[in-house]
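> Take a look at this one; I'll ask things after.
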Amino acid sequence: MGAFKWLRVLITVLIVAIVPAILGYLLWERRGLTAAILVVLIAYWLVYWYGDRVLMRWYRARLVGEGDYPYLYAVLKKLASSAGIPVPRLALAPVGTPNVFSAGKGPGSSTIVLTYGLLRVLDPEEIEGAIAHEIAHILNNDTPLQTLVSVLTGSLLGVAYYIDRLIRSTSRTRRSNPNDGPILRLFTPLAGILLRVGLSPSREYAADEHGARISGKPLALASALLKLEKAISFRPMRGGNLATSPVFIVNPFRGELADMVSTHPPTKDRAERLLKLAEEMGIYT
């Protein structure tokens, strides 16, 4: 399964590399092609090693210490010990939309990022369930794949965001939603294809199950997912990068373009699976 995951990512990486390779060849033939390939390789190397920092910067997340949030660190240590992985770093993002994601290169170098909104919406057991889901992603080696694909695709959409911003600055028409512009609408379907090629929805089902077993609280995770889905429907994220939606536990965006890049299974189906798992584990309350 791990080899198949990386094969999907490799295909995505090759697709992303095709465009600059073709442009380089058309502009400067062999020298252009060689230069484009070198630039792409350097970009991929940078994204692999620093992609987690890019994700955190996009959401202004900052690392926090154990003295700042002792309860969260106690939960994090307990779950990491149960999963048999090193304790991840913990960061908070000043975002009102409740959500959580993990970023990094693997179990020994990962960060779990909680938004302020999540701390307000979920109760302690639900927070533990949500963190356990991200611990499962780290354990299953989903985190480096999600980080790589999301940052690569997000960089493409970043170009679209920038061009749309220039258009808005020279236009009298003001858009209330930054995730809606003509160039972004052009790029988003391609981004959706890349995300779906690189990231399978089944990884969320697996992280739900493994996270529930790690914490021993499948009902808390099911409740957390449903609460987040409801809260996001009222207050979706507006300023983030659409291509990062796969790294979050629940897609934080809503709307036509958000649907194009979503790789999450329906939240209701995920909760129902967790309820069945709770029955199998003999947990009813």
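First residue of the sequence shown: 363, per this note's numbering; consecutive thereafter.
Even glycine gets a Cβ: it sits at the ideal position worked out from N, Cα and C.
Predicted, not measured: the structure shown is a model, and the values here were computed from it.
Could you tell me the alpha carbon to alpha carbon distance between Arg600 and Leu619, rounded to whole angstroms?
Cα-Cα distance, rounded: 12 Å.
> Measuring only the C-alpha atoms, how far is Phe596 from Met418?
Cα-Cα distance, rounded: 24 Å.
> Smallest Cα separation from Ile474: which of His499, Ser562 and Ala568?
Closest by alpha carbon: His499.
> Starting from the N-terminal side, write out each stretch of the alpha helix (DSSP H) that is 4 residues or longer and does not extend beyond the segment 595-637.
Within the segment 595-637, the complete alpha helix (DSSP H) runs of at least 4 residues are 618-623.
> For the alpha helix (DSSP H) containing Val483, name the first residue and the last one.
That run of the alpha helix (DSSP H) goes Tyr478 to Val483.
> Taking all protein chains shown into account, decide if Tyr523 is buried (16 or more other Cβ within 10 angstroms of its Cβ) or exposed.
Result: buried.
> Just curious, the beta strand (DSSP E) that Leu454 is in, first and last residue?
It spans Arg451 to Ala455 - the beta strand (DSSP E) in which Leu454 sits, taken as one unbroken run.
> Over the uninterrupted alpha helix (DSSP H) stretch that includes Val462, give me the two end residues.
Unbroken run through Val462 is the beta strand (DSSP E), Val462 to Gly468; no alpha helix (DSSP H).
> Given 8 Å as the limit, is there contact between the segment 501-516 and the segment 464-473, that is, 3 or more CB pairs closer than that?
Touching, yes, given that three or more Cβ pairs across the two stretches are closer than 8 Å.
> In or out: Gly413 buried (at least 16 other Cβ within 10 Å) or exposed?
Looking at its Cβ environment, which holds 16 or more other Cβ atoms inside 10 Å, Gly413 is buried.
> Output the distance between the C-alpha atoms of Val378 and Gly516, rounded to the nearest integer angstrom.
Each residue's alpha carbon lies about 12 Å from the other.
> Using the Cβ count rule (16 or more neighbours within 10 Å means buried), how would you classify Asn482?
In the sequence as displayed, the identity of residue 482 is Arg instead of Asn. Classification for Arg482: exposed.
> Given a cut-off of 8 Å, decide if Gln508 and Pro628 are closer than it, judged by their beta-carbon atoms.
No, Cβ-Cβ distance for Pro628 and Gln508 is not below 8 Å.
> If you drop the 5 nearest sequence neighbours on each side, which residues of the same chain put their C-beta closer than 6 Å to that of Leu425?
So the qualifying residues of the chain are Arg451 and Ala453.
> Quick one: what does DSSP say Val475 is sitting in, helix, strand or coil?
It is a strand residue.
> For the segment 396-456, list the beta strand (DSSP E) runs that are entirely contained and at least 3 residues long, ordered along the chain.
As far as the segment 396-456 is concerned, its whole beta strand (DSSP E) runs of at least 3 residues are 451-455.
> With C-beta atoms as the reference, is Tyr478 less than 8 Å away from Val457?
Yes, the Cβ-Cβ distance between Tyr478 and Val457 is below 8 Å.
> By how many angstroms is the C-alpha of Leu587 removed from the C-alpha of Ile594?
Spanning the two alpha carbons is a distance of roughly 11 Å.
> For Tyr646 and Glu634, I'd like the C-alpha separation in whole angstroms.
Looking at the two C-alpha atoms, the distance is approximately 13 Å.
> What residue does the alpha helix (DSSP H) around Leu556 start on, and which one ends it?
Residues Pro544 to Gly560.
> For a quick check, are the C-beta atoms of Tyr406 and Val375 less than 8 Å apart?
Result yes, Cβ atoms of Tyr406 and Val375 sit closer than 8 Å.
> Near Leu400, which residues of its chain fall below 7 Å by C-beta distance, leaving aside the five closest residues on each side in sequence?
So no residue of the chain qualifies.
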